[in-house]
């Protein structure tokens, strides 16, 4: 490699010298030169030619023509087991590229030529030499050319020393890295993508430098340590994948643009055109996979035109081309052209194959997905149901494609808010996939279904099940696709989303960072999926109150979506929406409105005025105007949001509840508290029915209802709402979540207003502790709560000094009831909230509440139902199956009487106990009378 003193000869050979050597090789071994490896060429030609002088072959070249040798500008990294002809041809191709690009002749440092092959000059060099002299020499040369082959599992990436050469390039700012594959690999790659376009992503997954090996374990340890302690394997893999991805895409496009007009092996021109159109279809699919929608559409339209010329007006391949083209337009958010292509494809499929054919089902599926993206959920579900019906009939109920149909239908049902049916279809998809695969659930399709289940459970607020589903998806993807596959990376991002929902923002950021590293390495840092992950990470930063960092993430998101999808795309609209949220959080409301208006303009142009995403933007605009104090304009936007959402989803969808919640809050702000209460009651009802009582969004609506009730002057009901919100948040999100702190803060407000300063102080203390742990001591959220605490503490101190004879007791901490007579008391059985078994409790009905205790003598109650919060109480009968007895051979159905008491967020179910002195009818009547007297008194 160099001289005896350890220095390196940094001269190289130009293209003319390489051509001369290749000619010598061909003359010496005319029958076998193409099959000789670099090692064999060294032994057979280089060593004999330099035996007498025992010099490097470079010196032989210099002696023949000094112009062939000059300071090297390109360091060649390769494997000695490569065929020497492939390596030299690759160097010549690269030399032409460089000469055309820069006008300068490159000189290659190629170890076969530069090193003296008669002695091993590196044998006794210390390991430090490689990280100093060798690395500095590569810096002096300025560029590393990595020659890779075969294209789908390159040999150099399995050798640690080749990795070291790559490392020496990417770890130094002034050194470039280029990757090239031999020309003979082009045809193999082209055939591979014609057979299966997904081979590109499959190949990129196999790029894992940490799997490389070396003959000497000490060499491997040295190289791995250097990589891990500096750039890391993730950066090394990314650098290689970026180059290989570019090579794959450029060559795939080149196959189409440089396709010959004739092929000597094919006499039939129609067959040649058919092969070319198939190539266009597959290259289009690759470009679509990597988010290059415009060039994908160009390829697919080219294929469609050829198919039309070959087959005339009606042919199955034309129909398939229409469907694929429609999917590409849909991905670009050009839905009018997407539907035009898809309807043309469907009509042709029906005329050629009829209704009951897999190709027809596939078109129904793509149509359904496009309609759902357009917000036309009913029509989308109708198409997906047709696809499921056809596949069940044609392929059978247990076919994997039938499982896919269940999956796609479930996605539409999810958007409609029909979560029960969503879960049913996803679970059926898992069952089919597991039964159909010889490896059980170890199949990517099953992993995708677990992903979808996780999304559904996340929407329902069942975060434990969501995490379990997403983690199972990651396990399946790791086993089937590999840790470094983009699908695996996105699944890690989904886990981050659940942690974000739970308020565990540090864990969320950790998972988002992991997801971004994987997806960037697999798809490149300009892919729309990377933008989506930046958007998700921004959400976690928003939760942490790190608004400046959130803004940076949203700006990265916007930069990528604009570059990859264009300005008029819903992905770009979402990026503007994220920026608006960040500016709102920063108090820059005019900038927020500016971003939301851009979001709205794109949404209306691309999706139309009546799309649910447009409704969301109207809602965001309403929130910004509300922040500015322009409540009339806020209400105007909230009403637009409500009208669009009801038209899209009906009256019972969670998004309708969100609109009502926002409207209610806005009416509270303008002093129309009675109207606010009406809207917020309805929001609580919808969220309780669809999402469940124990859901964070239900807690939000209950809290807002409490604020509206407080504005009406009804502090008692308001306090009940805040306590219910606190209970929900604690159970679902935990004791240390910011939402729990907000509920405590609201309890503090009401308690302070009622003069219960001890309770207010305790509530504010708990809220301040949580806020400080979540956001830091100096964050505005923390400071606001601490200010509330100081005011309450001052009021408590003043009240205490005025009445030294009585020590204040916090009802919030003790929850101890005064001994007081009730209207009615006795034993009843109450169904538990979590454990749904019935438990016996001692109930006391007072003038304002139905209170229950564990025993008759307890002073601390287990729970309380405020009479003012009861929206309905009614007697019901339920069929109950009594287990068979030893004397009976059949089960017996008995009728059980129940009293159902409904409050916002929950329905209490009560039965009589064997010790009860009163009937349920007597309890129901007593409750009604107590409620009536409270209304009269009020």
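Numbering (full-length UniProt numbering), first residue to last: 1 to 938. In this text, a Cβ means the ideal position worked out from N, Cα and C, and glycines have one as well.
Query raised in the report: Which residue comes first and which comes last in the alpha helix (DSSP H) that contains residue 354?
Result: Locating residue 354 in the chain shown gives position 354, where the first residue counts as 1. First-last for residue 354: undefined, no H or E at that position.
Query raised in the report: From what residue to what residue does the alpha helix (DSSP H) around residue 228 run?
Result: On the chain shown, position 228 is the one that residue 228 refers to. Segment 217 to 228, the alpha helix (DSSP H) holding residue 228.
Query raised in the report: So what's residue 284 in DSSP terms, helix, strand or just coil?
Result: For the purposes of this step, residue 284 is taken as residue 284 along the chain shown, with counting starting at 1. Residue 284 falls in the helix class under three-state DSSP.
Requested in this report: Measure the Cβ-Cβ separation of residue 663 and residue 635 and say whether it is below 8 Å.
Outcome: Here residue 663 refers to the residue found at position 663 of the chain shown. Here residue 635 refers to the residue found at position 635 of the chain shown. With contacts defined as CB atoms closer than 8 Å, residue 663 and residue 635 qualify as a contacting pair.
Query - Which residues DSSP lists as bridging residue 992, in chain order - result: Nothing in the structure corresponds to residue 992, since the chain is present only between 1 and 938.
Query raised in the report: According to DSSP, is residue 877 helix, strand or coil?
Result: As a working note, residue 877 is residue 877 in the chain shown. Residue 877 falls in the strand class under three-state DSSP.
Query raised in the report: Using a Cβ-Cβ cut-off of 7 Å (strictly less than) and excluding sequence neighbours within five positions of residue 529, which residues of its own chain qualify?
Result: As a working note, residue 529 is residue 529 in the chain shown. Contacts found: 486, 490, 519, 523.
Query - Bounding residues of the beta strand (DSSP E) (the contiguous stretch that carries residue 906) - result: Taking the first residue of the chain shown as position 1, residue 906 is located at position 906. 906 to 912 is the extent of the beta strand (DSSP E) around residue 906.
Requested in this report: Kindly list the residues whose CB is nearer than 6 Å to the CB of residue 118, restricted to its own chain and excluding five residues on each side of it in sequence; keep chain order.
Outcome: Locating residue 118 in the chain shown gives position 118, counting from the first residue. 54.
Report task. Using three-state DSSP, classify residue 920 as helix, strand or coil. Result -> Within the chain shown, the letter at position 920 stands for residue 920. Here residue 920 sits in helix by DSSP.
Query raised in the report: Got a sec? Which residues, its chain only, sit under 7 Å from residue 472 by beta carbon, not counting five neighbours each side?
Result: Residue numbering aside, residue 472 sits at position 472 when the chain shown is read from its first letter. Within the same chain, 450 come within 7 Å of residue 472 by CB-CB distance, once the 5 residues on both sides are set aside.
Query raised in the report: What are the boundary residues of the beta strand (DSSP E) that residue 179 is part of?
Result: In the chain shown, counting from the first residue as 1, residue 179 sits at position 179. Per DSSP, residue 179 belongs to the beta strand (DSSP E) from 176 to 180.
Query raised in the report: Would you report the Cα separation of residue 15 and residue 106, rounded to the nearest angstrom?
Result: Taking the chain shown and counting its residues from 1, the one referred to as residue 15 is at position 15. Taking the chain shown and counting its residues from 1, the one referred to as residue 106 is at position 106. Each residue's alpha carbon lies about 8 Å from the other.
Query raised in the report: Any idea what DSSP makes of residue 116, helix, strand or coil?
Result: In the chain shown, the residue the question calls residue 116 occupies position 116. Residue state, collapsed to three classes: coil.
Query raised in the report: With respect to the alpha helix (DSSP H) encompassing residue 421, which residues constitute its N-terminal and C-terminal limits?
Result: Locating residue 421 in the chain shown gives position 421, counting from the first residue. Segment 419 to 436, the alpha helix (DSSP H) holding residue 421.
Query raised in the report: From what residue to what residue does the beta strand (DSSP E) around residue 842 run?
Result: As a position in the chain shown, residue 842 is number 842, starting the count at 1. Counting along the chain, the beta strand (DSSP E) containing residue 842 begins and ends at 838 to 845.
Report task. For the stretch 79 to 95 and the stretch 51 to 71, state whether three or more C-beta atom pairs, one from each stretch, are separated by less than 8 Å. Result -> No, the stretch 79 to 95 is not in contact with the stretch 51 to 71.
Requested in this report: Return yes when the Cβ of residue 576 is within less than 8 Å of the Cβ of residue 558, no when it is not.
Outcome: Against the chain shown, residue 558 aligns to sequence position 558. Against the chain shown, residue 576 aligns to sequence position 576. Judged by their CB atoms, residue 558 and residue 576 are nearer to each other than the 8 Å cut-off.
Query - Close-in-space but distant-in-sequence residues of the same chain around residue 311 (CB under 7 Å, 5 per side omitted) - result: Taking the first residue of the chain shown as position 1, residue 311 is located at position 311. Excluding residues within five positions, the ones whose Cβ falls inside 7 Å are 317, 318.
Requested in this report: Starting from the Cα of residue 583, find the closest Cα among 620, 563, 610 and give me that residue.
Outcome: Start at 1 with the first residue of the chain shown, and residue 583 comes out as number 583. Of the listed residues, the one whose Cα sits closest to residue 583 is 620.
Query - Close-in-space but distant-in-sequence residues of the same chain around residue 633 (CB under 6 Å, 5 per side omitted) - result: Walking along the chain shown from the start, residue 633 turns up at place 633. Taking residue 633 as the centre and dropping the five residues before and after it, the same chain places the C-beta of 625 closer than 6 Å to its C-beta, in chain order.
Query raised in the report: Quick one: what does DSSP say residue 807 is sitting in, helix, strand or coil?
Result: Stepping through the chain shown from its first residue, residue 807 is reached at position 807. With a pLDDT of 48 at residue 807, under the threshold of 50, the modelled position of this residue cannot be trusted, and the question is left open.
Report task. Report yes if the CB atom of residue 11 is closer than 8 Å to the CB atom of residue 38, and no otherwise. Result -> By 1-based counting over the chain shown, the position of residue 11 is 11. By 1-based counting over the chain shown, the position of residue 38 is 38. Against a cut-off of 8 Å, the Cβ pair of residue 38 and residue 11 comes out as no contact.
Requested in this report: Identify the continuous alpha helix (DSSP H) that holds residue 619 and give its terminal residues.
Outcome: Here residue 619 refers to the residue found at position 619 of the chain shown. Residue 619 -> alpha helix (DSSP H) spans 612 to 628.
Query raised in the report: Going by other Cβ atoms of all chains shown within 10 Å of its Cβ, with 16 needed for buried, is residue 26 buried or exposed?
Result: If you number the chain shown from 1, residue 26 lands on position 26. By the C-beta density criterion, residue 26 is exposed, having fewer than 16 other C-beta atoms within 10 angstroms.
Query raised in the report: Given 8 Å as the limit, is there contact between the stretch 178 to 185 and the stretch 135 to 149, that is, 3 or more CB pairs closer than that?
Result: These segments touch.
**Report entry** Integer Cβ distance of residue 368 from residue 387, believed to fall under 8 Å
**Finding:** In the chain shown, residue 368 corresponds to position 368, counting from 1. In the chain shown, residue 387 corresponds to position 387, counting from 1. Going by Cβ atoms, the distance from residue 368 to residue 387 rounds to 6 Å, so yes, they are a contact pair.
Query raised in the report: Does the Cβ-Cβ distance between residue 330 and residue 363 come in under 8 Å?
Result: Along the chain shown, read from residue 1 onward, the residue named residue 330 stands at position 330. Along the chain shown, read from residue 1 onward, the residue named residue 363 stands at position 363. Contact check for residue 330 against residue 363 fails: the beta carbons are separated by 8 Å or more.
Query - For residue 717, the nearest candidate out of 31, 588, 864 (CA to CA) - result: Residue mapping note: residue 717 aligns to position 717 of the chain shown, counting from 1. By alpha-carbon distance to residue 717, the top candidate from 31, 588, 864 is 864.
Query raised in the report: Who are residue 826's beta bridge partners in DSSP?
Result: Numbered from 1 along the chain shown, position 826 holds the residue referred to as residue 826. The beta-bridge partner set that DSSP reports for residue 826 consists of 843.
Requested in this report: For the stretch 755 to 769 and the stretch 788 to 795, state whether three or more C-beta atom pairs, one from each stretch, are separated by less than 8 Å.
Outcome: A contact between stretches requires three or more CB pairs, one per stretch, nearer than 8 Å, and the stretch 755 to 769 meets this requirement with the stretch 788 to 795.
Query raised in the report: Roughly how many angstroms separate the alpha carbons of residue 321 and residue 373, rounded to a whole number?
Result: As a working mapping, residue 321 is identified with position 321 in the chain shown. As a working mapping, residue 373 is identified with position 373 in the chain shown. Cα to Cα, residue 321 sits roughly 21 Å from residue 373.
Query raised in the report: Applying the criterion that 16 or more other CB atoms from any shown protein chain within 10 Å of the CB defines a buried residue, is residue 745 buried or exposed?
Result: Walking along the chain shown from the start, residue 745 turns up at place 745. Per the 10 Å Cβ criterion, buried.
Query raised in the report: Is it buried or exposed for residue 674, if we count other Cβ within 10 angstroms and need 16 for buried?
Result: Walking along the chain shown from the start, residue 674 turns up at place 674. Residue 674 should be labelled exposed.
Query - For residue 914 and residue 891, the rounded distance between their alpha carbons - result: Indexing the chain shown from 1 puts residue 891 at position 891. Indexing the chain shown from 1 puts residue 914 at position 914. With a pLDDT of 49 at residue 891, under the threshold of 50, the predicted position of this residue should be treated as unreliable, and no value is reported.
Query raised in the report: Could you give the residue range of the beta strand (DSSP E) that holds residue 765?
Result: By one-based count along the chain shown, residue 765 stands at place 765. If you look at residue 765, you'll find it isn't in any beta strand (DSSP E); it sits in the alpha helix (DSSP H) that goes 757 to 775.
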